[in-house]
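> Provided herewith is a single structure, encoded as structure tokens, for subsequent inquiry.
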Amino acid sequence: MTTTSFEEEFQEFFKKLDTPLKKFIYENYKKSSKKKYSTFLGIFLLDFGIYAFDSFPCNFSSKYTPFINCQEKNIFNMKAGITDLTNKPLTIRESEKKVAEFLIEQFNKIPLSNFQNWHK
Numbered sequence: 082m083t084t085t086s087f088e089e090e091f092q093e094f095f096k097k098l099d100t101p102l103k104k105f106i107y108e109n110y111k112k113s114s115k116k117k118y119s120t121f122l123g124i125f126l127l128d129f130g131i132y133a134f135d136s137f138p139c140n141f142s143s144k145y146t147p148f149i150n151c152q153e154k155n156i157f158n159m160k161a162g163i164t165d166l167t168n169k170p171l172t173i174r175e176s177e178k179k180v181a182e183f184l185i186e187q188f189n190k191i192p193l194s195n196f197q198n199w200h201k
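In our numbering, the protein residues as written are 82 to 201.
As structure tokens, then:
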């Protein structure tokens, strides 16, 4: 991630640790040596079947497509492979914000027990 929009979205998300899952993720973040949410979540989510999330540059333009890449078994219950998060090219800032919003939406839907009981 190259812009601050992803980090800003997660700073806002973690302002209130008002759900067990937020507390769980935030505690894991604080225990890690990573300073950026994007770096931490990239590593953290690997254990839950999420290979990657990022913004891919569109050909010959300054626009990007946000995406997520999942293993067949993943915590978000998505299809395996790369899924674009929008079909409209965005600026890098908009694209990374879209990725953050997508992850936050998933975190808001998943109970903590799914993470605690996850088995590869």
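Where a beta carbon is used, it is the ideal one built from N, C-alpha and C, also for glycine.
Do serine 136 and glutamate 177 have their C-beta atoms within less than 8 angstroms of each other?
Taking 8 angstroms as the Cβ cut-off, serine 136 and glutamate 177 qualify as a contacting pair.
> Take phenylalanine 87 and list the residues in its own chain whose beta-carbon comes closer than 6 angstroms to its own, dropping the five residues that flank it on each side.
Excluding residues within five positions, the ones whose Cβ falls inside 6 angstroms are Ser119, Glu177 and Ala181.
> Would you identify the three-state DSSP class for threonine 120, choosing helix, strand or coil?
Correct three-state label for threonine 120: helix.
> For a minimum of 4 consecutive residues, which ranges assigned as the alpha helix (DSSP H) are wholly contained in the region 104-149?
Runs of the alpha helix (DSSP H) inside the region 104-149: 118-125.
> Are the beta-carbon atoms belonging to leucine 171 and proline 147 less than 8 angstroms from one another?
Taking 8 angstroms as the Cβ cut-off, leucine 171 and proline 147 qualify as a contacting pair.
> Am I right that isoleucine 191 and leucine 102 are in contact with their C-beta atoms under 8 angstroms? What's the rounded C-beta distance?
At roughly 7 angstroms, the Cβ-Cβ gap stays under 8 angstroms, so isoleucine 191 and leucine 102 are in contact.
> Using CA coordinates, which residue listed in Phe188, Ile173, Asn198 and Ile131 is at the minimum distance from cysteine 139?
Selected option, being the one with the closest Cα: Ile173.
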